[in-house]
Amino acid sequence: MAKVKGPTPQSQDFSQWYLDTIQLAELADYAPVRGTIVVRPYGYALWENIQRVLDGMFKATGHQNAYFPLFIPMSFLQKEAEHVEGFSPELAVVTHAGGEELEEPLAIRPTSETIIGYMWSKWIRSWRDLPQLLNQWNNVVRWEKRTRPFLRTSEFLWQEGHTAHATKEEAEEETARMLGVYLQFARDYAALPVIPGQKTEREKFAGAVYTTTLEGMMKDGRALQSATSHFLGQNFARAFEITFQDKDLEEKYVWTTSWGLSWRIIGGIIMTHGDDKGLVLPPKLAPIQVVIVPIYKAGSKERVLQAAGALEAELREKGLRVFTDDRDQYTPGFKFHDWELRGVPYRVELGPRDVEAGTAVIKSRIGEKETAPLADLKELLPKRLEAFHDELFARAREFRKARTRVVDDYQAFKEAVAEGFALAYHCGDAACERAIQEETKATARVIPLEFPAHGVLQDDEALKATGEGTCIRCGRPAAYGRRVVFARAY
RNA sequence: CGGGGCGUAGCGCAGUCCGGCAGCGCGCCUGCUUUGGGGGCAGGAUGUCGCAGGUUCAAAUCCUGCCGCCCCGACCA
388 MAKVKGPTPQ SQDFSQWYLD TIQLAELADY APVRGTIVVR PYGYALWENI
438 QRVLDGMFKA TGHQNAYFPL FIPMSFLQKE AEHVEGFSPE LAVVTHAGGE
488 ELEEPLAIRP TSETIIGYMW SKWIRSWRDL PQLLNQWNNV VRWEKRTRPF
538 LRTSEFLWQE GHTAHATKEE AEEETARMLG VYLQFARDYA ALPVIPGQKT
588 EREKFAGAVY TTTLEGMMKD GRALQSATSH FLGQNFARAF EITFQDKDLE
638 EKYVWTTSWG LSWRIIGGII MTHGDDKGLV LPPKLAPIQV VIVPIYKAGS
688 KERVLQAAGA LEAELREKGL RVFTDDRDQY TPGFKFHDWE LRGVPYRVEL
738 GPRDVEAGTA VIKSRIGEKE TAPLADLKEL LPKRLEAFHD ELFARAREFR
788 KARTRVVDDY QAFKEAVAEG FALAYHCGDA ACERAIQEET KATARVIPLE
838 FPAHGVLQDD EALKATGEGT CIRCGRPAAY GRRVVFARAY
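All residue numbers for the first sequence refer to this note's numbering, where the first residue is 388 and numbers rise by one.
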């Protein structure tokens, strides 16, 4: 009897479970520089699938990809007051290059609003040059004090969209539209039931007029910001003199937006769906959707492998991502555990008895085994993967609902944020928000909002409710006209 | 950046108190045998004991300094 190998149980130490799972599933490994990680092939394949889906959605909404440089003159970052205050503490700066000290230090981009603003000020002359609808897939660097793989790393991969518009209305519409794109991605591809809405003043992006966000609940009840879309107003336009001559002959500042989603979403997928056996990957993003495990003895190896090969070809023809695990040095039992750890949604077991009978055993990562005719699998498995996705989403949403409490007194609030989300009225005062954080470790995560025109809807009635009340902590009249989601956050 | 803990084979650890042959489990390699839920037997390889200096006949072990990692806290658009 071999010792059981696998991640630390979630109930014992959720944080350790997360770290173990990433290592054991070979998603990533620690790199030599503090806070940096190597994304290993299996993890990168997951990221590539995320990129592929999102990139298609960006293009479908009229955006084009471009690439702006990694190095940004320090002076650029200082042009927008809130921006510099927000990002200075975590900047990495190049002071020497080519063996000499640089005249002006170069910041390694923490985000690209400034350099894109600078370029736009050169490119934009007329209303005919608008809108600018750009996106870039790149890396950014933020020197965080405390890091965690995927969730907060010194360097991370993401995409950052940047748009410039002639009118405020158009820019605000873009902000909502892209939040809608992220919500669709989260719901329909990552199976993440996230709460769309707006950040409070205290939590918004440094330099934004307002920030919209998607907040998810992890299996330990903590919140994870999964994507953001910012309305930047004319803040960066003024800082970088981005103006255009409008149809009415007036010279005007443009209105800009930015929006981003990082590989942090991988952390969200891990902590939303994973269990004590390891990863559970949503089928639409999983690098491998179906793994075929051939089972054979000396005399049956050839027959079984041939049947496995034929099945793999059939499933590939249906567009499924399939892998046949014919590694000779491992037993079937080992392979079962191995692919469960790696979160593959469906497994097909194919042994001599099955080949003989023209059947196979299929097993869902989150369900029971069943026997099905081999000939049916090419129709059956795509349906099962759809159902798998739906079940992942449904159970995550149920989990979130079960751990979300509507609270009206501070004691209940404290209990709620120890376990999950608290829906509470708040006065909107930043000092009061800070006090709540000091007293409970919870922060205002999101003011739930809907933008029906862009498909941004809540998936829970409790989050749609509007109303007036008094602040959960200080008792002053509540702001926002609705309850705010508070939680401990990553 | 403050408090605590830990650095010994790829991973997890024992050995450190009380100086005296570098060990265990897993993994890895070879062969045989196995294969329907983490197989078995036999043989084998792998060490800058975090780094530097000191004490000593002798240092993983004692002393000094440094570095790194983890946890808690502060910080974290």
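Here a beta-carbon is modelled for each residue, glycine too, at the ideal position from N, C-alpha and C.
Quick caveat: nothing in here was measured; it's all calculated off a predicted structure.
Residue range of the beta strand (DSSP E) that includes residue i
i: proline 739; result: Premise fails: proline 739 lies in the alpha helix (DSSP H), 739–744, not in any beta strand (DSSP E).
i: arginine 564; result: No beta strand (DSSP E) holds arginine 564; the alpha helix (DSSP H) holding it covers 555–575.
i: methionine 461; result: From DSSP, methionine 461 is part of no beta strand (DSSP E) but of the alpha helix (DSSP H) over 461–464.
i: tryptophan 642; result: 642–649
i: glutamate 487; result: 487–495
i: glutamate 837; result: Neither: glutamate 837 is in no beta strand (DSSP E) and is coded neither H nor E.
i: isoleucine 753; result: Looking at the DSSP string, isoleucine 753 is not in any beta strand (DSSP E), and its letter there is neither H nor E.
i: alanine 811; result: 808–811
Per-residue burial, residue i [other beta carbons within 10 Å of its own, 16 or more giving buried]
i: glycine 862; result: exposed
i: tryptophan 510; result: exposed
i: aspartate 725; result: buried
i: arginine 515; result: exposed
i: threonine 883; result: This structure cannot settle anything about residue 883, because the visible part of the chain is limited to 388 through 877.
i: glutamate 743; result: exposed
i: threonine 853; result: exposed
i: serine 499; result: buried
i: glycine 954; result: The shown model of the chain, from 388 to 877, leaves out residue 954, and the question about it has no answer.
i: alanine 389; result: The predicted model places alanine 389 with a pLDDT of 33, which falls under 50 and marks its position as unreliable; any figure quoted below should be read in that light. With fewer than 16 other Cβ atoms within 10 Å, it is exposed.
i: threonine 550; result: buried
i: glutamine 693; result: exposed
Minimum C-alpha distance to residue i - residue among the options
i: glutamate 806; options: Val691, Gly608, Asn452 and Gly393; result: Gly608
i: glutamate 413; options: Val426, Ser402, Val420 and Pro456; result: Val426
i: glutamate 638; options: Gly655, Glu559 and Ser508; result: Ser508
i: threonine 408; options: Glu736, Pro396 and Leu850; result: Pro396
i: histidine 841; options: Gln571, Arg752 and Ile657; result: Gln571
i: glutamine 519; options: Val528, Ala494 and Ala558; result: Ala558
i: leucine 406; options: Lys801, Leu666, Arg771 and Gly594; result: Leu666
i: aspartate 777; options: Ala573, Arg512 and Ala494; result: Ala573
i: alanine 700; options: Glu488, Ala865 and Leu764; result: Leu764
Span of the alpha helix (DSSP H) around residue i
i: histidine 470; result: 468–474
i: histidine 724; result: 719–728
i: valine 420; result: It is not in any alpha helix (DSSP H) - valine 420 carries neither H nor E in the DSSP assignment.
i: proline 769; result: 764–789
i: glutamate 820; result: 817–827
i: tryptophan 510; result: 500–510
i: leucine 702; result: 688–704
i: serine 402; result: 401–411
i: glutamate 477; result: It is not in any alpha helix (DSSP H) - glutamate 477 carries neither H nor E in the DSSP assignment.
Beta-carbon proximity of residue i to residue j, cut-off 8 Å
i: glycine 797; j: isoleucine 834; result: Rather than glycine, the amino acid found at residue 797 in this sequence is tyrosine. Taking 8 Å as the Cβ cut-off, tyrosine 797 and isoleucine 834 do not qualify as a contacting pair.
i: threonine 540; j: glycine 422; result: yes
i: isoleucine 653; j: phenylalanine 780; result: no
i: isoleucine 679; j: threonine 711; result: yes
i: tryptophan 650; j: tryptophan 434; result: yes
i: phenylalanine 838; j: alanine 563; result: yes
i: threonine 615; j: tryptophan 646; result: yes
i: glycine 620; j: valine 596; result: yes
i: alanine 799; j: arginine 790; result: no
i: alanine 610; j: alanine 809; result: no
i: proline 497; j: glutamate 477; result: yes
i: isoleucine 657; j: leucine 579; result: no
CB-CB length for residue i against residue j, believed under 8 Å
i: isoleucine 629; j: glycine 706; result: In fact, because the Cβ distance is near 44 Å, the residues do not count as touching under 8 Å.
i: arginine 734; j: isoleucine 749; result: 7 Å
i: methionine 461; j: proline 492; result: 5 Å
i: asparagine 522; j: asparagine 452; result: 5 Å
beta-carbon residue i near the ligand HEM non-hydrogen atom, thresh 7 Å
i: glutamine 519; result: The ligand HEM is not among the ligands present in this structure, which contains no ligands whatsoever.
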